[in-house]
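Visitor: Numbering (this note's numbering), first residue to last: 29 to 187. Have a look at this one.
Shown next as structure tokens:
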């Protein structure tokens, strides 16, 4: 198969992911959080160009924008082969990224707090790989507190 056809196929997959994170995924999650203080939003990716699309569940008071506060977020790896459900943080409070050492300090403080409250599930990951070197995926990787990771064909059912 030619490289051109492969690129078109990859673009179709990106467009499908874009549609899922913008509409379908958030609609499902909104049903799950209905009646709570939480809101849901997905990547505003209408053309499928976002390398690491996401859907987040957040408190508008604590995290009014995706680059502020703390939230739970589904992060889709750039190659579409994995998804992570991550407790993460906004790592770009303005137009510039937060210094890496500040992000790491916040991650360590959050992990210490969570471990002290009730222990930590041993299945949780402390490192995630989104395959987006130099892109926004790196901020999500650095900001991850804990995550569950799933291969594309291994996502468990809702139960």
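We treat Cβ as the ideally placed atom computed from N, Cα and C, and that holds for glycine. Since the model is a prediction, treat every value here as computed from it, not as a measurement.
Secondary structure at residue 169, three-state DSSP: helix, strand or coil?
Guide: Here the question's residue 169 lines up with position 141 in the chain shown. Of the three classes helix, strand and coil, the one that applies to residue 169 here is helix, per DSSP.
Visitor: Which one of 173, 59, 92 has the shortest CA to CA distance from residue 140?
Guide: One-based indexing of the chain shown puts residue 140 at position 112. Comparing Cα positions, the closest option is 173.
Visitor: What is the rounded straight-line gap between the Cα of residue 45 and the Cα of residue 83?
Guide: Residue numbering aside, residue 45 sits at position 17 when the chain shown is read from its first letter. Residue numbering aside, residue 83 sits at position 55 when the chain shown is read from its first letter. Going by the C-alpha atoms only, they are around 11 Å apart.
Visitor: Measure the C-alpha to C-alpha separation of residue 154 and residue 138 and round it to an integer number of angstroms.
Guide: For the purposes of this step, residue 154 is taken as residue 126 along the chain shown, with counting starting at 1. For the purposes of this step, residue 138 is taken as residue 110 along the chain shown, with counting starting at 1. If you take the alpha carbons of residue 154 and residue 138, they lie about 12 Å apart.
Visitor: Reducing DSSP to helix, strand and coil, say where residue 31 ends up.
Guide: In the chain shown, residue 31 corresponds to position 3, counting from 1. With a pLDDT of only 37 at residue 31, under the threshold of 50, the placement of this residue in the model should not be trusted; the figure read from the coordinates follows. Helix, per DSSP.
Visitor: Buried or exposed for residue 175, please, with buried defined as at least 16 other CB atoms from any protein chain shown within 10 angstroms of its CB.
Guide: As a working note, residue 175 is residue 147 in the chain shown. The residue in question, residue 175, is buried, as its Cβ has 16 or more Cβ neighbours within 10 Å.
Visitor: For the beta strand (DSSP E) containing residue 68, name the first residue and the last one.
Guide: What you label residue 68 is simply residue 40 of the chain shown in a count that begins at 1. Note, residue 68: beta strand (DSSP E), 67-70.
Visitor: Secondary structure at residue 133, three-state DSSP: helix, strand or coil?
Guide: For the purposes of this step, residue 133 is taken as the residue at position 105 of the chain shown. Helix.
Visitor: With a cut-off of 8 Å on the beta carbons, I'd call residue 111 and residue 100 a contact; round off their distance for me.
Guide: Position 83 of the chain shown, counted from the start, is the residue given in the question as residue 111. Position 72 of the chain shown, counted from the start, is the residue given in the question as residue 100. Contact doesn't hold; Cβ gap of about 13 Å is too wide.
Visitor: Here's a check: name, in chain order, each residue in its chain whose Cβ is nearer than 7 Å to the Cβ of residue 107, leaving out the five neighbours to either side.
Guide: Here residue 107 refers to the residue found at position 79 when the chain shown is read from its first residue. Hits under 7 Å: 159.
Visitor: Between which two residues does the alpha helix (DSSP H) carrying residue 113 extend?
Guide: Within the chain shown, numbered from 1, the residue matching residue 113 stands at position 85. Counting along the chain, residue 113 falls outside any alpha helix (DSSP H), though it belongs to the beta strand (DSSP E) covering 110-117.
Visitor: When you compare only the Cα positions, how much space is there between residue 66 and residue 49?
Guide: To locate residue 66, count along the chain shown from 1; it is residue 38. To locate residue 49, count along the chain shown from 1; it is residue 21. Roughly 17 Å between the two C-alpha positions.
Visitor: With DSSP run on the structure shown, which of helix, strand or coil describes residue 90?
Guide: Position 62 of the chain shown holds residue 90. Looking at residue 90 - three-state DSSP - the assignment turns out to be coil, as it is neither helix nor strand.
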